[in-house]
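Just so you know, the sequence shown maps onto residues 202 to 464 in the working numbering.
Before any comments, here is the structure.
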Amino acid sequence: MIIDAHTHIWPDRIAEKALTANRLPGLTAVGDGKAGTLAAQMAGGEVGHSVALGVAGQARHVDATNAFMASLDRASFTPFGTVHVDLSVEENLASLRRHGIHGVKVHPLFQGFGLMHERLWELFEAFGSDIPVITHVGAGGSGEVNSLSNPRMLREIVTTFPDLRLVACHFGGYHMLAEAEEELRGLPIVLETSWPPSVANVDPDTVRRFITRHGTERVVFGSDWPMTDPAAEIAAIRRLGLGDAAEEAIFGGNLARVLGLAV
């Protein structure tokens with residue numbers, strides 16, 4: 202079964218508004234960001250389970266976001282909640298506990314704080330190995346927000362918090378692939394494959410080399426739905442010709458191991 206490590210879902214009533222508000226230059230959503238739509242797409246395709254990522258741009262939205270993520274059907278989705286640096290560590294943890302959320306998404310582009318923020322590092326310390334983190338890394342917006350996350354920051358985080366279960370989206374550096382390859386070489390960090398509008402737009406030899414050097418046991422498939430079509434992204438990874446064992450690991454085995462998923 203294929204597990205998608207990277208999808209975004211909002212409540213139906215605000216999904217269209219959320220997609221419009223979070224629009225990135227040069228990218229157009231191919232889905233509507235609604236749970237029912239993605240579940241139907243999964244039922245008719247190869248993805249059997251998706252990690253759904255919640256993001257609160259402001260501290261006042263953290264608890265409501267976590268409550269919504271907790272309401273998703275666990276047979277189809279593993280919900281990752283949200284935290285914010287304008288809340289205390291205990292307030293963030295209390296919200297996660299209250300709603301039974303066991304993983305966190307960090308998105309510097311939309312949340313406006315960087316991977317080096319002191320409060321975020323306090324949260325990483327508190328998470329230990331208990332609460333996994335999936336984070337956006339790299340460009341995607343203006344110059345100012347693009348500076349909030351990069352592969353070098355990832356290196357510092359992994360070195361400082363060796364027990365943290367961290368998954369870095371976009372191969373650890375959206376539009377920073379060369380830097381990611383240099384900074385993350387040899388590090389025990391899990392990298393995710395999404396690259397909107399499609400990983401197929403990246404030179405396949407470059408992607409194949411990157412995955413092979415990093416280690417297929419530390420790479421997981423993610424689509425970034427609704428910004429891409431998961432079926433197209435699966436096909437793009439298969440065209441790399443990594444082999445059956447590597448594909449089985451990337452398409453689900455690795456993520457199930459890292460997150461402890463029984464799916």
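Glycine is no exception: its CB is placed at the ideal position from the N, C-alpha and C atoms.
Just so we're clear, the structure is a prediction, and the values are computed from it rather than from any experiment.
Hey, would you say Val-400 sits closer than 9 Å to Glu-434, going by beta carbons? yes
In three-state terms, what does DSSP make of Glu-393? strand
Label Gln-312 either buried or exposed according to how many other C-beta atoms from any shown protein chain fall within 10 Å of its C-beta, with 16 as the threshold for buried. buried
Any idea what DSSP makes of Asp-205, helix, strand or coil? Secondary structure of Asp-205 (DSSP, three-state): strand.
Given Pro-397, which residues of its chain have a CB within under 7 Å of its CB, disregarding the five upstream and five downstream residues? Leu-228, Asp-425, Met-428, Thr-429
Only counting the same chain, and skipping five residues up and downstream in sequence, which positions put a Cβ closer than 6 Å to that of Leu-388? Val-359
DSSP three-state label for Gly-282, please. strand
Quick check: the Cα distance between Arg-414 and Pro-309, rounded to an integer number of angstroms? 27 Å
DSSP bridge partner residues for Leu-378 (one or two, in chain order): According to DSSP, Leu-378 bridges with nothing at all.
Identified DSSP bridge partners for Trp-426: Thr-208
Check for me: the alpha helix (DSSP H) holding His-415 runs from which residue to which? 405–415
Quick check on Trp-363: buried or exposed, where buried means 16 or more other Cβ atoms within 10 Å of its Cβ? A small fix is needed here, since residue 363 is Pro in this sequence, not Trp. It is exposed - the Cβ of Pro-363 has fewer than 16 other Cβ atoms within 10 Å.
Ends of the beta strand (DSSP E) at Ala-253? Ala-253 -> beta strand (DSSP E) spans 248–254.
When you compare only the Cα positions, how much space is there between Arg-298 and Asp-404? Roughly 42 Å separates the two Cα atoms.
Return helix, strand or coil for Ala-447, following the three-state DSSP convention. It is helical.
Cα-Cα separation between Thr-279 and Val-252, rounded to whole angstroms: 5 Å
Per DSSP, what kind of secondary structure is Lys-218 in: helix, strand or coil? Helix.
Nearer than 8 Å: is that true of the beta carbon of Ile-335 relative to any heavy atom of the ligand ATP? The ligand ATP is absent from the structure shown, which contains no ligand whatsoever.
Out of Val-248, Phe-452, Asn-293, point me to the one whose CA is closest to Glu-326's CA. Asn-293
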